[in-house]
Every structure is written in structure tokens, then in C-alpha cells.
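*Asks:*
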Amino acid sequence: MILLQMEGVGKNFGGLTALADFNLSLAPGELVGLIGPNGAGKTTVFNLITGVYRPSEGRIVFDGRDITGLRPDLITRCGIARTFQNIRLFGNLTVLENVLVANHLRLRSNPLEAVIRWGRYQAEEREMVAYSRALLEAVGLDHLAEEEASSLPYGQQRRLEIVRALATKPKVLLLDEPAAGMNPAEAEELMDFIRQIRKDFNLTILLIEHHMRVVMGICERILVLDHGLTIAEGSPAEIQKDQKVITAYLGVETGA
Amino acid sequence: MGKITLPRSGLYSLVAAAYRREPKRWGPMLTGAVILCLLLFIYWAGRNFNPYQVRILNLIGINIGLGLSLNLINGFTGQFSLGHAGFMAVGAYTTTLLMMPPAVKQMNFFMVPLISPLDEIQLPFIVALLLGGLVSALMGFFIGAPVLRLRGDYLAIATLGFSEIIRIVITNIRSVTNGALGLKAIPAYTNLWWSWGFALLTIFVITRLIHSSYGRAFKAIREDEIAAEAMGIGLFRHKMLAFTLGAFLAGIGGGFQASLLTTIDPNMFRFILTFEILLIVVLGGMGSITGTVIAATIVTILKEVLRGVEAPMNLGFISLPGIPGMRMVIFSLLLILVVLFYREGIMGQRELSWEGLFGPRNGRPERGVEA
Ligand SMILES: Nc1ncnc2c1ncn2[C@@H]1O[C@H](COP(=O)(O)OP(=O)(O)O)[C@@H](O)[C@H]1O
Ligand SMILES: [Mg+2]
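Heads up: the sequence lines are chains A and B, in that order. My numbering numbers the first residue of the first sequence as 1 and each following residue consecutively. My numbering numbers the first residue of the second sequence as 257 and each following residue consecutively.
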């Protein structure tokens, strides 16, 4: 069974082809890595899946439903959640409020019920708070619940962004360079964290990483992009030996 | 986050101690006490204030409601709208036309007669007000549908444009609005109970809404639209909700103002009116309810106090002619100063709260969901 499928998806920005003929099949429970040098088109893949961009060609099917060109909030409702390469928290809201916002899509009370607070709204609010607090506790952020999100240290902000995505109760989680800006020890700790939530929440994960080494240990399968083209796909061992990947990466990493 | 330092006198420590023991019980009790004091004050003011002072007090109440309705759109949802004068005009005209006695209508419309069902209709004030709010909300709905897809500056320009269009339409449909002549001898129903009832009800609704899941969604949109959408929040639906509710309240505020001033004409609803409400919101703090309440009080009083600068002045050795519009110059300067040096306004996004005043972490405003 395939949970998320992209068939021949491409995206052009004017004359620039950011992504061409991209194919991806995610089976439930998989953890797949998406790597490639800067500007390869990795984030574009996420933006296409989550509806931020509309594909120039191809189609995207999630859970048996064609979601090509669907609005981002509706795609999230289908069960796909993401984090951003440049952290996008609600900076002036508290840590708890950030997570609560991601519960809003399940709210059934209308605004009038929310104002009057009769009937189901109170129950729903209690449930949202309880669930959000439980999530924060599960990832060890509960002691920061009342802090302003922007006041958190960088590593905690990354974690909070993941927790916030989890609060939408996704089936598929898209992580865009979650270890960016971390030292090797922190990155390793984060990978353990990702393994953990994958198990606890039965997630299917697509993970973007710029640094190859980080994903090698955690992913079963890796796709390599370069200049919008898929240049390799396979197990970490296969990818490490692939000549095209080595050239693409050596070209970048020695130059950097 | 700034610290609010307070004198730790006897009464303060007494209340603070009680509050800290049982905040869940004392919070609502303190709020109730404040409302009771306010109502007593209004009762007292109604009997002891002179008509001029009563009028100012009425204006404060109405301006609190108007300021909050704009803050909902601009401050909490982050959609910079400049269309409030238009919504107030719609509310003022609708309310007036629905409640004015037919005889007075006939007197007003001596150039072009008022079109037919309207010339006969006379509804109770409250019904006319609500319908004024509803028509304004409907207008907000239809204006919001195209313009809320725009962002930032474009949204501001588009709403400003629509507000002007509304005013020009009102000027021109003389058989409905009496055109530039305006409407006079509007029944003066607005009193302190009405205007402050409007203020309190608006405070209640906006506070509850902002502290609900919908309010968090509004603030999320303000903070980061892309992230909010990625969390499953329908941007358009929530912006429309804030905008339409804001327009509804602005329409009702306009209706109250019409009945307070007893005369309206299209010129009252120029951009300058939006500017006055905007000044209240910015001065109080974009995204602060208590800030708007404080600023509405200050700006309304200041506007009256500054009336003096527009009157002819005799300084003994020199006599200056009155300069009409001088107050607005001062207000504009005030807004510029706030934006340049004090962008947060009085409260920023913070709120005065019992938790902030008396809580164990005194100075740190209450946050979160229990409020
Ligand atoms: N909105 C956009 N408009 C124009 N060009 C874009 C846009 N988004 C991405 N690109 C271009 O597409 C290419 C791939 O970008 P991206 O997917 O962000 O790369 P990566 O995430 O792999 O570093 C880059 O050349 C980038 O400049
Ligand atoms: Mg990227």
C-alpha cells in the first residue's frame, strides 16, 4: 500500500526548473530521506506536497485521494504536517498556544459557541489543552509551556515546531532540515527524537537534510536531488557508493 | 516584557494576598467589582455631570467599542484595514433611516423625497441598531471577499478605497440618504447606559473570542500566515470572520454615534474618522484590549480638551484667529510620535490583568487559556 505518491511532478519558476519529473512513493511507516546540495529543489518538494505551490505538471495522491492543487490548510486536514527550514513559530504566542493553534483544525464549535462558552466548547477547549500539554510533556517541553515561543533557544524552537506539527495529528510528517544549525551531538540527539516520535505516533516521515551523514543513520531509503533532478535513490549504503551523488556532493562540499 | 511596578501599600497587599490564595475565585470577583463601580459611576455621572460632560462620557463608551472592533481586525488578526469610517457610515445611516419617525423624515427630505417603504418605517432603536450592524456586516462580507486576499499595504489601500466609495455612494443616492444635506433631528436615544452597554458588551465578546481557539487562530495568522495555513487554519475564513464581526460592531457604533450627535452627513465619514479610531488602536497597543480601553478614554478626552486650540485666542498682546483642524494636526503628530518612538503603544500586546497586578509573578501579564 502507498500512502503518499508523487507522479511525474515538476515545478517551474519562470524559466527556472526547480523540480522535474519527480516520483516518490511513501509506504506507511517508512522514513525516507531527501538530500541534495543547496538549491537542489528539496524544499520545493515539500511546498508542492503541502499545497504552497501548485505543480506545473504531474499529480500528487495522498491516501487514495488526489490532492494536487488543494489548499494548504485542507491538505493539513487530510493528514500531512510539516516543519519549515527557517523556523516559523508564532513568536509572540506562548509555547502552549503554539501547540494549541495546531488543534484548531479539529474544533467543531462555531465562533458563537466559543464566545458564549456554553455546551461543547468548554469540553473541546479542555480536551485541546490536555492533549497539547500531554504532547509537550512527552517531548520534555512542558516546563516551558507558558514561555513566549520566540524566547526559546534555537534547538528547543526546532523541537517545538515538530511538536506543533504533531498536534495536527498527521499521518505523514515532513521535516525540512530539522538539524540545520546544530552541532553533530545535537543533531544526533534530534535524530533519536525523530526515531522516538515516529514509533510513538505511527508516523511516516519524509526528512530533508543538507548533510548526508545525518540521514545515513536514520533513513531506510534515500532520494538524492541535484538541480531539480532525481540523481539517485536507494539504501544509505547504495547512496554512499553512488558516483553521481559523490560528484554532486564533492562539488558542493569542497566548494563551501 | 516590561515590568509594571506598583505601590505595595496596605490595601494592595491585602487584595494580592487574597488573590494569590484563590485566583480562580477572586479574579471574577474583582472583575465584577470593577464593573459594579463603573455602573455606579455611570449612574452618578448621569445625575451630576453637565450635558457636555455626559456627551464626552458617551463618546468614550462608543469609542471603546469602535476601537476594539478595529483592533480585532488590525491588531489581533494583523489585517491592516482602513475602512472603518465606511462601516460606521453604513451603520449610522441604516440605523437612522430605520428609527426616524416618518414626520421627521418628511421634514429632512424636502429636496428629493425618501423612497417608499423607508418613508413609512419606524422601528425601535435596538432593532434599528442591530439591523444597522447587520447591513454593515454584510457590506464587510462583500468587501472582505475580494480584498482579504490582498496583503499588507494593498489591503490598507483597498479598504480605504471602499470606504471612500461608500461615502460617495451615500452622497449620491439622495432619495435614500438625502445626499450632502445629511439627516437632522435624529431621535437622541443614545444615553450612558446604551453607550456603556455597547462598550461592555464589545469588551466581553472580543475578550472571549480572543481567548478562544478562534482568537488563537487570528493571532497565528497575524504572526505567520504560511505557518498558520500549514497548521490547518483556513486563512480566508478566519480573516472574513474577524473582518465581518469588526464591520458589524463598527456599524452599531456608527448607529450610536448618529443618535448621540442627532445629525449626520456624508462628510463626517471621511478618512479622518478612521484615523481617529486607528489612533486609539495604535496608541493603546495593536492587540491589546485593555490598551484600547485606556487609549479610547485618553483620545476622546484629549480631543475635547484640545478644542481650545481651534478657538480664537487672545494672549493679551496678540490675538490669534481660530485654526480649524488644528486638533487633527496635533493628533497626527501624536500618531507619528507613537509610531516613531513608542511603537508598542501603551500596552503593546499585553493586557492589564489581575494575574499581572496581583499574581505571584507580579509584572508578568496573564497568558494562556484560562483567562
Ligand atoms: N518561490 C520561488 N520563486 C522563484 N524561485 C524559487 C522559488 N522557490 C524556490 N525557487 C528556486 O528553486 C530552486 C530550488 O529551491 P529549493 O527547493 O528551496 O532548494 P533546496 O531546498 O533544495 O535548497 C532554487 O534555485 C530556488 O532559487
Ligand atoms: Mg531548502
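Glycine residues also receive a C-beta, built at the ideal position from the N, C-alpha and C atoms.
Closer than 8 Å, Cβ to any Cβ of chain B: which residues of the segment 76-97 of chain A, in chain order?
*Replies:* If the cut-off is 8 Å between Cβ atoms, the segment 76-97 of chain A has 76, 77, 81, 82, 84, 88, 89, 90, 91, 92, 93, 94, 96 and 97 near chain B.
*Asks:* When you measure from the CB of residue 42/A to every non-hydrogen atom of ligand 2, does any distance come out below 7 Å?
*Replies:* At least one heavy atom of ligand 2 is nearer than 7 Å to the Cβ of residue 42/A, so yes.
*Asks:* Between the Cα of residue 180/A and the Cα atoms of 84/A, 10/A and 31/A, which residue gives the shortest distance?
*Replies:* Residue 84/A is the option with its Cα nearest to residue 180/A.
*Asks:* Which word fits residue 357/B, buried or exposed, when buried means at least 16 other C-beta atoms lie within 10 angstroms of its C-beta?
*Replies:* Counting Cβ neighbours within 10 Å, residue 357/B comes out exposed, since fewer than 16 surround it.
*Asks:* Helix, strand or coil: how does DSSP classify residue 90/A here?
*Replies:* Three-state DSSP puts residue 90/A in coil, outside helix and strand.
*Asks:* From 148/A, 193/A and 187/A, pick the residue whose C-alpha is nearest to that of residue 166/A; which is it?
*Replies:* Among 148/A, 193/A and 187/A, the Cα nearest to that of residue 166/A is on 193/A.
*Asks:* Under the three-state reduction of DSSP, which class applies to residue 48/A: helix, strand or coil?
*Replies:* It is helical.
*Asks:* Name, going along the chain, the residues of the segment 469-481 of chain B whose beta-carbon falls closer than 7 Å to a beta-carbon of chain A.
*Replies:* Going along the segment 469-481 of chain B in chain order, one finds 469, 470, 472, 473, 475, 476, 479 and 480 with a Cβ nearer than 7 Å to chain A.
*Asks:* Is any beta-carbon of chain B found at less than 8 Å from that of residue 214/A?
*Replies:* No, residue 214/A lies away from the interface with chain B (no Cβ there is under 8 Å from its Cβ).
*Asks:* Scan the segment 3-59 of chain A and note each continuous alpha helix (DSSP H) run of 4 residues or more that stays entirely inside, going in chain order.
*Replies:* Listed in chain order, they are 42-49.
*Asks:* Check the Cβ of residue 72/A against every Cβ in chain B and list those closer than 7 Å, keeping chain order.
*Replies:* Per Cβ cutoff of 7 Å: 485 and 486.
*Asks:* Quick one: list the residues of chain A neighbouring residue 489/B, beta-carbon separation under 8 Å, in chain order.
*Replies:* Those within 8 Å of residue 489/B in chain A are 73, 101, 104 and 105.
*Asks:* Between the C-alpha atoms of residue 201/A and residue 168/A, what's the straight-line distance to the nearest angstrom?
*Replies:* Using only the alpha carbons, I get a separation of about 12 Å.
*Asks:* Report whether the distance from the Cβ of residue 543/B to the nearest heavy atom of ligand 1 is below 7 Å.
*Replies:* It does not: the Cβ of residue 543/B is nowhere closer than 7 Å to a heavy atom of ligand 1.
*Asks:* Based on DSSP bridge pairs, tell me the residues matched to residue 569/B.
*Replies:* Answer by DSSP bridge pairing, in chain order: 576/B.
*Asks:* Using a Cβ-Cβ cut-off of less than 9 Å, give me the residues of the segment 527-541 of chain B that come near chain A, in sequence order.
*Replies:* Hits within the stretch: zero.
*Asks:* Where residue 2/A and residue 65/A are concerned, what is the direct C-alpha to C-alpha distance, given to the nearest angstrom?
*Replies:* Approximately 11 Å between the Cα atoms of the pair.
*Asks:* Excluding the 5 residues preceding and the 5 following residue 267/B in the sequence, name in chain order all residues of the same chain whose CB lies nearer than 8 Å to its CB.
*Replies:* Hits under 8 Å: none found.
*Asks:* Considering only heavy atoms of ligand 2, does any lie closer than 7 Å to the CB of residue 240/A?
*Replies:* Not under cutoff, so the answer is no.
*Asks:* Taking the alpha-carbon positions, what's the residue 272/B to residue 606/B distance?
*Replies:* Going from the Cα of residue 272/B to the Cα of residue 606/B covers about 20 Å.
*Asks:* Can you pull the chain A residues whose beta carbon is under 7 Å from the beta carbon of residue 335/B, in chain order?
*Replies:* Ordered by position in chain A, no residue passes the 7 Å Cβ test against residue 335/B, which lies about 16 Å from the chain.
*Asks:* At a threshold of 7 Å, does residue 22/A count as lining ligand 1 (C-beta to nearest heavy atom)?
*Replies:* Because no heavy atom of ligand 1 lies under 7 Å away, the Cβ of residue 22/A does not count as near it: no.
*Asks:* When the Cα atoms are used, what is the spatial distance from residue 329/B to residue 465/B?
*Replies:* Near 12 Å, if we compare the C-alpha coordinates of residue 465/B and residue 329/B.
*Asks:* To the nearest angstrom, report how far apart residue 58/A and residue 204/A are at their CA atoms.
*Replies:* Distance between the alpha carbons of residue 58/A and residue 204/A: 22 Å.
*Asks:* Between the Cα of residue 134/A and the Cα atoms of 39/A, 225/A, 95/A and 46/A, which residue gives the shortest distance?
*Replies:* The shortest C-alpha separation from residue 134/A is found at 95/A.
*Asks:* Please list the residues of the segment 589-607 of chain B that have a C-beta atom closer than 7 Å to any C-beta atom in chain A, keeping them in chain order.
*Replies:* Listed in sequence order: 605.
*Asks:* Given that residue 168/A touches chain B, what residues does it touch there, using C-beta distances under 7 Å?
*Replies:* Under the 7 Å cutoff, chain B gives 487 and 488.
*Asks:* Measuring only from the beta carbon, is residue 73/A closer than 7 Å to any heavy atom that is part of ligand 2?
*Replies:* No - ligand 2 has no heavy atom lying nearer than 7 Å to the Cβ of residue 73/A.
*Asks:* Output yes or no for whether 8 Å exceeds the beta carbon distance between residue 315/B and residue 556/B.
*Replies:* Yes, they are a contact pair.
*Asks:* Please tell me whether residue 464/B has its Cβ less than 8 Å away from any Cβ of chain A.
*Replies:* Yes, residue 464/B counts as interfacial toward chain A.
*Asks:* Taking 8 Å as the cut-off, decide whether the C-beta atoms of residue 344/B and residue 510/B are in contact.
*Replies:* The answer is yes: Cβ separation under 8 Å.
*Asks:* Secondary structure at residue 562/B, three-state DSSP: helix, strand or coil?
*Replies:* Reduced to three states, the DSSP call for residue 562/B is coil.
*Asks:* Between residue 195/A and residue 35/A, what straight-line distance do the alpha-carbon atoms span, to the nearest angstrom?
*Replies:* The alpha-carbon atoms of residue 195/A and residue 35/A are separated by roughly 18 Å.
*Asks:* With a threshold of 8 Å between beta carbons, is residue 585/B in contact with chain A?
*Replies:* Chain A contact via Cβ: absent.
*Asks:* Do residue 176/A and residue 489/B have their beta-carbon atoms positioned less than 8 Å apart in this structure?
*Replies:* No; because the gap between Cβ atoms is not below 8 Å, this pair is not in contact.
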